Amino acid sequence: MTTRPRDPPLSDRELVQSHVASTQEWCNDVCAKARSGDDAISSTFMGRSFFRQWRPYLAQMYHKNPRSTTGDSYRVLDYFWANFGWGLDANGRNVHHPEEMWLYTCQGDKEEWHKETPLKVVFAKNVRRDGTLPQNYMSIVPWVTNRGRAFLPLSHPDFESYEGPLPIEVAKQKDLRTLSKFLTQCLSQDEIGALYPEPEEEHFSDSDGEESEDSDDD
Numbered sequence: 008m009t010t011r012p013r014d015p016p017l018s019d020r021e022l023v024q025s026h027v028a029s030t031q032e033w034c035n036d037v038c039a040k041a042r043s044g045d046d047a048i049s050s051t052f053m054g055r056s057f058f059r060q061w062r063p064y065l066a067q068m069y070h071k072n073p074r075s076t077t078g079d080s081y082r083v084l085d086y087f088w089a090n091f092g093w094g095l096d097a098n099g100r101n102v103h104h105p106e107e108m109w110l111y112t113c114q115g116d117k118e119e120w121h122k123e124t125p126l127k128v129v130f131a132k133n134v135r136r137d138g139t140l141p142q143n144y145m146s147i148v149p150w151v152t153n154r155g156r157a158f159l160p161l162s163h164p165d166f167e168s169y170e171g172p173l174p175i176e177v178a179k180q181k182d183l184r185t186l187s188k189f190l191t192q193c194l195s196q197d198e199i200g201a202l203y204p205e206p207e208e209e210h211f212s213d214s215d216g217e218e219s220e221d222s223d224d225d
């Protein structure tokens with residue numbers, strides 16, 4: 008009978024943890040040596056503050072509008088082209104339409120989509136739904152504050168998506184380790200191993216528990 012050697016026992020409730028490289032390490036250590044052709048790879052460190060809650064921010068200025076400027080109902084999925092701010096009219100002239108979004112079905116010649124009469128929709132709260140400006144028209148920020156509400160910029164803490172770092176599960180750590188192996192042209196395996204060591208499951212030993220052995224018969 009042969010017996011497989013057991014791993015060295017862990018102390019009671021000993022926790023084994025692994026290092027997970029930060030985004031800053033990727034930017035500083037990897038991109039500094041990596042290349043795309045003859046050029047260096049540039050990187051931007053996207054911190055947690057880059058991820059914002061856009062829905063409540065935009066809700067200060069825009070609302071849903073199920074009807075066009077002519078009062079017709081519509082389905083957005085029926086249209087394949089949306090034009091904002093500036094657009095060509097049927098005669099090919101550039102027209103400024105800052106308050107309206109123009110929608111096109113593109114059912115005809117897709118290269119000359121502007122020859123189609125667009126469906127026009129207004130989403131801004133400071134403009135009438137028929138596309139006309141109110142008598143005392145104000146731009147959107149003064150319009151919001153004039154109604155007793157402070158306009159909050161996108162940088163306001165209320166629009167942060169995450170309040171703290173998100174934990175990375177062991178499975179994702181292993182994915183990062185696997186992906187790092189494709190960096191061997193830029194970093195040596197020793198350098199990769201130092202930055203992204205093989206993660207290990209968190210595991211505990213119970214001194215009161217029974218230990219088992221695997222055995223094979225000759």
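Each residue of the sequence shown is one higher than the one before, counting from 8 in the numbering used here. Positions of the beta carbon are idealized from the N, C-alpha and C atoms, including for glycine. Bear in mind the structure is a predicted one, so any value in this text is a computation, not a measurement.
Distance between F58 and A157, taken at the CA atoms: about 22 angstroms. By the Cβ criterion, the segment 80 to 100 is not in contact with the segment 176 to 190, since fewer than three pairs of Cβ atoms, one from each stretch, lie closer than 8 angstroms.
The C-beta separation of W109 from K132 comes to about 19 angstroms, leaving the pair out of contact by the 8 angstroms criterion. Within the DSSP bridge table, the entry for N90 names W109 as partners. The beta carbon of E167 is closer than 6 angstroms to none in its chain, skipping five residues each way along the sequence. Shown here, L84 sits in a helix according to DSSP, grouped into three states.
Comparing C-alpha distances from P105 to each of N35, W93, Y86 shows the shortest one belongs to W93. Residue S56 holds the alpha-carbon nearest to the alpha-carbon of Y169 among D46, R74, S56.
When DSSP states are grouped into helix, strand and coil, K127 belongs to the strand group. The three-state secondary structure of E119, taken from DSSP, is helix. Annotation for V148: F158 place their beta carbon closer than 8 angstroms to its own, counting only its chain and skipping 5 residues before and after. DSSP places L183 in the uninterrupted alpha helix (DSSP H) bounded by 177 to 187.
M68 is the residue among M68, N153, T152 whose C-alpha sits nearest the C-alpha of V129. For L95, same chain residues with a beta-carbon under 8 angstroms away, outside a window of 5 residues either side, are N101, V102, H121 in chain order. Around the C-beta of I175, fewer than 16 other C-beta atoms lie within 10 Å, and the residue is accordingly described as exposed. Y86 is not a Cβ neighbour of T51, given a cutoff of 7 angstroms. It is roughly 12 angstroms from the alpha-carbon of E107 to the alpha-carbon of T77.
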